[in-house]
Amino acid sequence: MSDVLAIADHRRGELRDVSYELLTAGRDLADETGGDLHVAVVSGPVDEYAEKLDREGVDAVHTVDYGEEFNHDVYTRAITQLYDALAPQYVLAPNSVNGLDYAPAVANRLDLPLVTDVVDLAVDGDALVATREMYGGKVETTTELAADAAAVTIRSGEWPAAEGTGDATVEAFDVDIDEDAIGSTVTGFEEVAGGDVDITDADVLVSVGRGIDEEENLELIFDLAEAMDATVSSSRPIVDNGWLPPNRQVGQSGKVVTPDVYVAIGISGAVQHVAGMKGSETIVAINTDPNAPIMDIADYAIHDDLFDVVPALTEEFGG
Amino acid sequence: MKVLVTVKEVATVEDEFEIDGTAIDERFLGADLNEWDDYAIEAAVQLQEDGIADEVVTVTIGPEDAEQTIRQALAKGADRAIRVWDDALADVDLLDVGAKTELLQAVVEDEDPDLVLTGVQSGDDSFGATGVSLADAIDTQWAAVVNDLEVDPDAGTASVHRELEGGVEELTEIDLPAVLTIQTGINEPRYASLRGIRQAQRKPLDHQTLADLGVDDGAVDGDLELTDMYEPETETDVTVFEGSAEETAGDLADLLREKGVEA
Ligand SMILES: Cc1cc2nc3c(=O)[nH]c(=O)nc-3n(C[C@H](O)[C@H](O)[C@H](O)COP(=O)(O)OP(=O)(O)OC[C@H]3O[C@@H](n4cnc5c(N)ncnc54)[C@H](O)[C@@H]3O)c2cc1C
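Taken in order, these protein sequences are the chains called A and B.
Take the first sequence: its position 277, counted from the start at 1, is 277 in the working numbering, and no numbers get skipped.
In the working numbering, each number is its position in the second sequence, counted from 1, plus 1000.
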């Protein structure tokens, strides 16, 4: 029992990037345990996926040809049955929205300890050492799992994607699924409505977060954006509050933006926000908290009150 | 229909803080109702107002200090609260998903709700896994990261939107009973009224120990041990502009002009 089983992530006909990152994380872990790296891909065009997942370091790909789209009942059953068949030491899943819809159920059913949203993994003797954040990224922690086996979900973007072509065996796995036990049905997908502006198109984004405090104060941000000839975007709470429409939201569940300049104002830099803006050319943060996680990825920063800095900056640009 | 809402008092950290061993020094910690749970409470109270739920019960795992926070849910309309705590829990520095599952499972078995609402995650340890783990333990359906909910009590189903990445929502029908993990933005959490706050003081808040729940002491030990806590290293060489707001704004404006920003 030293193998690693990694579960690929896909949606609407495409493998998601984290799938290839899981291969790297899985290979690293299997090297430490001295085991093989097995990859499972469940539902959808599995043969096509298997070909793509056969990258360097993968020993075996197991395809479960059942249904088109993600269904957590199918995933949970397929993975627990694969686990019984392969007896791996570690199960690696993506910390994606779908990953979090089956990994905890799999862990519970297999009675495996679970550690989620991991950014680094190592093996120390008998223990698995997982690095993860707490308090919205203000601190990092190491957690030791002293168990024979474990389930882990990994954060996307933390491991490089596996490359090259491997010589994995590809095997179809026959899963036994009791249709009556499937209690959820995906009936469709919906895209969050577009709207007035396309923030992915902007060269300069002035992005506002919860630090703005009140809806009325947004005027300060729009004044600055106008003076700078920039577009206004925001973090999630601003949209949750209904102060700006969803098409302005930057992040995991919003838009991914890559402007030349991204000015984050009163935004802490939670991982789900950073996922949408870390590719910006230059990142500026205006935040009273010098320890806010946004500082870890900012190029320039002002550790001061936005209510003092923003009007002064607007004035600089003749606003 | 009975709705059970899991609620948690989370620790909040001040801007400047110190780490003491594997925890943040208590002097720099505050407490608040978990942001996601606020939306779960609102969803439950709305089901009650719509005549779909006839009882809303909250459950928390937490010490007596947390009572003030969980009374907020009572003030917003929940009917009664259960607080699970035990000396055995006081010594655990990181309660893992498995342990939380076992405790909540025991409560669900006592209460037998038709719908359990949890937050997507808690703002402090952010495992984001307890709801789905619980669903499997109590052998019901579930849906993670729900940002739209309609319950059809006659059909015994719920129609939900699951918020996926990149502005895509998955539309899913699930059979009840079920556990749903509720995402922020699904509704607008209300503020408690003064009357609600007064009434909350008189609503039942029932304390349960592990023995009361019939859970073994060993269940809460878990397999996870926190061994280190530190401030993350920065990935960039951040240039910090110092001085008064006028000075820093001036420096930043110079930089932005250099980068091509023009009025
Ligand atoms: C499944 C999931 C998906 C998510 N998707 C997204 C997403 O797409 N986009 C997103 O943004 N979030 C998303 N989130 C939420 C995310 O976890 C954070 O809660 C959110 O990004 C926090 O927004 P914020 O930084 O504006 O608020 P906070 O974290 O509250 O930060 C506010 C910041 O403002 C600073 N501040 C306060 N007052 C002032 C002042 N006067 N002057 C200067 N600074 C000040 C504070 O120091 C703090 O750093 C998601 C979460 C989950 C679980």
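Even for Gly, the Cβ is constructed at its ideal location relative to N, Cα and C.
In this structure, the CA atom of residue 109/A is about 22 Å from the CA atom of residue 127/A.
An exposed status is given to residue 12/A, since fewer than 16 other beta-carbon atoms sit within 10 Å of its beta-carbon. DSSP places residue 38/A within a strand segment (E or B) once states are collapsed to three.
Within the DSSP secondary-structure output, residue 1002/B pairs in a beta bridge with 1055/B. Of all C-beta pairs linking the region 1220-1229 of chain B to the region 130-150 of chain A, three or more are shorter than 8 Å, placing the two stretches in contact. In this structure, the alpha-carbon of residue 132/A lies about 33 Å from that of residue 1113/B. Taking 8 Å as the cut-off, the beta carbon of residue 76/A is found closer than this to the beta carbon of residue 105/A.
Between the alpha carbons of residue 24/A and residue 1054/B lies a gap of roughly 50 Å.
Proximity of chain B to residue 183/A at the Cβ level (cut-off 7 Å) is accounted for by 1141, 1174 and 1175, in chain order.
Note that the C-beta distance between residue 1186/B and residue 1149/B is below 8 Å.
In this structure, residue 211/A has its beta carbon less than 7 Å from a heavy atom of ligand 1.
A Cβ-Cβ contact shorter than 8 Å links residue 1088/B with residue 1220/B. Note that the C-beta distance between residue 1041/B and residue 1008/B is not below 8 Å. Contact check between the region 1002-1018 of chain B and the region 1028-1046 of chain B: three or more CB pairs, one atom from each, fall below 8 Å, which counts as touching. In this structure, DSSP gives residue 252/A a state outside helix and strand, which the three-state scheme calls coil. Beta-bridge partners of residue 1257/B (DSSP): none assigned. Boundaries of the beta strand (DSSP E) around residue 119/A: 114-124. Comparing alpha-carbon positions, the option among 1213/B, 1131/B and 1050/B lying closest to residue 1085/B turns out to be 1213/B. In its chain, beyond the 5 residues on either side, 73 have a beta carbon closer than 7 Å to the beta carbon of residue 181/A. Look at residue 1215/B here: in three-state DSSP terms it is coil, with no helix or strand label.
Rounded to the nearest angstrom, the gap between the Cα atoms of residue 1251/B and residue 201/A is 27 Å. Across the structure, residue 1167/B and residue 209/A are spaced so that their CA atoms are roughly 19 Å apart. In terms of side-chain proximity, the C-beta atom of residue 1172/B is found no nearer than 7 Å to any non-hydrogen atom of ligand 1.
Between the region 1012-1032 of chain B and the region 243-259 of chain A there are fewer than three C-beta pairs closer than 8 Å, too few to call the two in contact.
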